[in-house]
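Take the sequence shown: its position 670, counted from the start at 1, is 674 in this note's numbering, and no numbers get skipped. For reference, the structure discussed in these notes is given below.
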Amino acid sequence: MTITRGGIGRSILLLSLVCAARVWAAPNQLALVRDGKSAYSICLSRNASPSEKRGAEELQKFLYEMSGARLPIVTDRENPRGNLVLVGNSRMLRRLGLNIPFDQLGPEGFALKTAGRHLVIAGGRERGTMYGAYAFLEKLGCRWFTPEVSRIPRMPTIAAGPFDETQKPAFEYREPFFTEAFDRDWAARNRTNGHYARLDESTGGKLQYYPFVHTFYQMITPEKYFQSHPEYFSLIDGARRAERGQLCLTNPEVLRLGVAAVTEWIRQHPEAAIYSVSQNDSEGWCECDNCRRVEQEEGGRHSGPILRFVNALAAEIEKRHPDKLIDTLAYWYSEEPPLKARPRRNVRIRLCPIGVCEAHPYEACPRSAYFLKNLRAWSKITDRLYIWHYNTNFSHYLLPFPDFDELAADIPMYRRYGVMGLFLEGAYPEGGGGENAELRSYVMARLLWDPNTDVNRAVDEFLEGCYGRAAAAMRAYFDLLHRQVRMPPQGNGLHIWINPVPDFSPDFLRQGGGLFRQAEAAAENEAVRRRVRQARLSIDYLELLRAKTYDVRGGWYAPADLTGLKQRFQAFLSQARSFGITSVHEGRGLEADEDEFAAYNQYLVATLENEAWRVELVPELSGRVIRMIDKHTGRDALRRVDSGEGGYPNAGGLGVFLYPDFHARAWETKLELDAKSGANELTLAGTCANGMRLRRKIRLQGNTVHTETIVENKGPEAMEAALQSRGEFDPGNIDDAVVAFRRQDGSRVEKRLIQPEQPPTGAETYNNAEQPDGEWRLVNSPAGLAMANRFGKEQVGRCALSWTAKGPYGVTFALWSAKHRLAPGESFRLEADYGRVD
């Protein structure tokens, strides 16, 4: 029998696990309650910690809810007699002589024992005893699935024991980073202790950071120092830079200022245990001679200067604050460990597997092999390793994200490698609402405490607790979702990543929609129906993304039903807001989506065609070539752009972009089609707000698409500018793709893009003699594909190559002009040819 108490906003599901009116305790059990009455008292030390007091109060609260018996709470000052539930290390406990190993249990471990007629729950004063109280309640069947939904079994007689066990958490730091997991009571009851949970003194506090991450510019701010001391900041391309940069970590003054800043952080925030000294969330590492020298000494790894700097800072901090820890990241460009440097004992490394496939256990997925190599290497040089794990699509919080197989395998795998802490980053906007956020948080919490947790059982109990009679349909959807990523023959073998949109099939959407309709029909009340509707938002959102896919129809580039798309979006928006959702993307709110959908339009397409190519271009979308059809094969040479990508539909393709600097953002340029354009040549022109004018020609010449762009300064003052011609191409199966060219120094390059134990994405920039000697090619021999990009090497200052095996496969050729300083009226040009190699 399920009894629902409370309204839609707060439902407590009470499962009657004992149906008989009278259940007596077995001879070796403690009868804590008989027929709604108890002879037991809960006994605390007179010096109990706040969390121990909470543990006693929570025992009293939930035993009363279960049985109707309210056990009094007493202290050892009163020298209580009779049957006792001993909570924490008290004088009464010590009289029993149980020799509980408090030193071994640490701050969060506990012992659960029966001693004669007494029940003992005792552990670390910080949080251990409290956690023991919750563990005991779990043994009685209690669960706290979400901040609003719990399972508290009704049992007029409570018999328990015998017990003789100790527990300690598998990880010292446990943080499911979802808005839904921040609730104080939920976090305490599910034994998480992370920085963002709203845990306080009453719950024994938490493991607290200050600041949390990406702190280089909090430590040494560009606003204060860059003007007077540019040498504190990264040297990039021969110039010191603050924007999208880092610090010069070999500068002694940077170390001195860093020590002073962290010392001040400790003074202002003594409650923190860990102080993060970590790279900014960008590239821009320093290229000065000293930093390069350290990198070379450390095997060419960017982590070398970082760890040497952090070690030196941590050594100074330890002199005055030996109890404080310093944290840094192994992230993005610093993920590989250094050759020689080793983290000091007071340094924590947070290793961030940002490039892995999140669908499959890392040890079973070739796309994640590179991370395992790094994990093994870090675990050999430090036993103080934390992991920053990723558990959502940051571009689309609501997208289906079937990662439970991966979590079930990889949290135990981390434990095997000696990892000490896990930050599991999910959707964290103010209003919450990320896909499966509550279920994922619940399962994560259980795995973080005990990696041997049966994940399927945890999923089932959550679904039964939250969805009641609709649980079977919700479980069927959960299984359907995970079959999309399980490898054949168990499933379809999709990969999922933290950004691109997975290629879920129309059949998945059809079946998923049917299962949600079944679940809603089975729901026993409006509270459950509402939970089903919120869970369904995930596939509603995916359908919305698919509906905004642009294609060329009748000379226009547009979605199939633009008006219907905007109406569908408004309905989705209303539904999302009704659940309190404020954001479906990291870093921007629903208002930005409203602006984006309001701006969607249909765009006129200009076409060039000859016997070899059909080229379709949209002048209003930055003059971008959106399709480049090889008439010999029928293939589009350009990468398929997914409708979920940033900037869509103004994304991907072949285009030119004007920048003030190689590392800056492009200037916005609106191009218009020149009326003089013909069947084999298109001319576009446009002017930036700052006066720079672009004139671009695209011409078909046999097998070649020829492009020419002229940049002219029409403004009143001299300006610097660099032009990029960029094409994003479809490599076929990227595992077979090779980029080949001869360098200007005469040496040859044949680069296989996807290699064992290397990331599934990559980027390289070629300068000077390393540059291609006027031509580079994308070749996929098994697919019969060979594309060439030719250019005048005297016009090109550098060549940038990038590739991705995430989402639609893609290889990008980017040609940069030199950076020109143009006086008023001066100009430069960049020409590039793209074509099939026969």
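Even for Gly, the Cβ is constructed at its ideal location relative to N, Cα and C.
Item: Three or more C-beta pairs below 8 Å linking the region 424 to 433 and the region 364 to 379; Value: no
Item: Where the beta strand (DSSP E) containing residue 728 begins and where it ends; Value: 723 to 733
Item: Residue nearest to residue 724 in terms of C-alpha spacing, selected from 665, 688, 752; Value: 665
Item: Whole runs of the beta strand (DSSP E) within the region 756 to 831, excluding any shorter than 3 residues; Value: 765 to 771, 776 to 784, 789 to 795, 800 to 808, 814 to 821, 824 to 826
Item: Nearest residue (CA-CA) to residue 386, options 359, 410, 434, 331; Value: 331
Item: Among 504, 821, 595, 766, nearest to residue 652 - alpha-carbon criterion; Value: 504
Item: Distance between beta carbons of residue 807 and residue 702, contact taken as under 8 Å; Value: Contact flag wrong, Cβ pair sits at about 25 Å.
Item: Coil, strand or helix - residue 35 by DSSP; Value: strand
Item: 8 Å contact criterion, which residue 406 and residue 485 should meet: CB distance rounded; Value: 5 Å
Item: Continuous beta strand (DSSP E) stretch holding residue 448: start and end; Value: It is not in any beta strand (DSSP E) - residue 448 instead sits in the alpha helix (DSSP H) that spans 441 to 453.
Item: Integer-rounded CB distance, given that residue 145 should sit under 8 Å from residue 157; Value: 4 Å
Item: Inter-residue spacing [alpha-carbon to alpha-carbon] between residue 103 and residue 318; Value: 38 Å
Item: Residue range of the alpha helix (DSSP H) that includes residue 142; Value: 132 to 143
Item: Expected contact under 8 Å - CB spacing of residue 360 and residue 391 to nearest Å; Value: About 11 Å separates the two Cβ atoms, so there is no contact after all.
Item: Beta-carbon contacts of residue 40 that lie in its chain and below 7 Å, excluding the five residues immediately before and after; Value: 71, 72, 73, 160
Item: At least three beta-carbon pairs within less than 8 Å, the region 251 to 266 to the region 196 to 215; Value: no
Item: Residue 589 - partner residues in DSSP beta bridges; Value: 592
Item: Spatial neighbours of residue 825 in its chain, beta-carbon cut-off 7 Å, leaving aside the 5 residues before and after; Value: 722, 724
Item: Close Cβ partners of residue 520 (< 6 Å) along its chain, the five nearest in sequence each way excluded; Value: 540
Item: Residue 37 to residue 509 span [Cα, whole Å]; Value: 54 Å
Item: 6 Å Cβ shell around residue 649 - same chain, five flanking residues per side excluded; Value: 655
Item: Sequence-distant residues of its chain with Cβ nearer than 8 Å to residue 823 (five each side left out); Value: 665, 666, 724, 725, 726, 801
Item: Cβ contact (3+ pairs, closer than 8 Å) linking the region 782 to 798 and the region 767 to 774; Value: no
Item: Own chain residues within Cβ distance below 7 Å of residue 513, not counting five before or after; Value: 543, 546, 547
Item: Proximity of residue 306 and residue 335 at Cβ, strictly below 7 Å; Value: no
Item: For residue 340, three-class secondary structure by DSSP; Value: coil
Item: 4 or more residues per run - each alpha helix (DSSP H) lying fully within the region 58 to 112; Value: 95 to 99, 106 to 109
Item: Residue from 133, 94, 397, 195 whose Cα sits closest to the Cα of residue 55; Value: 133
Item: Simplified DSSP state of residue 838, which is helix, strand or coil; Value: strand
Item: Residue 67 to residue 194 span [Cα, whole Å]; Value: 18 Å
Item: 4 or more residues per run - each alpha helix (DSSP H) lying fully within the region 392 to 444; Value: 408 to 420
Item: Pairwise C-alpha distance: residue 675 and residue 772; Value: 32 Å
Item: Burial state of residue 635, where buried means 16 or more other Cβ atoms lie within 10 Å; Value: exposed
Item: Given residue 534 as reference, the closest of 560, 563, 502, 579 once Cα atoms are compared; Value: 579
Item: Contacts around residue 119, its chain only, beta-carbon distance under 7 Å, and the 5 residues preceding and following it disregarded; Value: 100, 102
Item: Of the residues 310, 60, 179, 713, the one placed nearest residue 138, counting alpha carbons only; Value: 60
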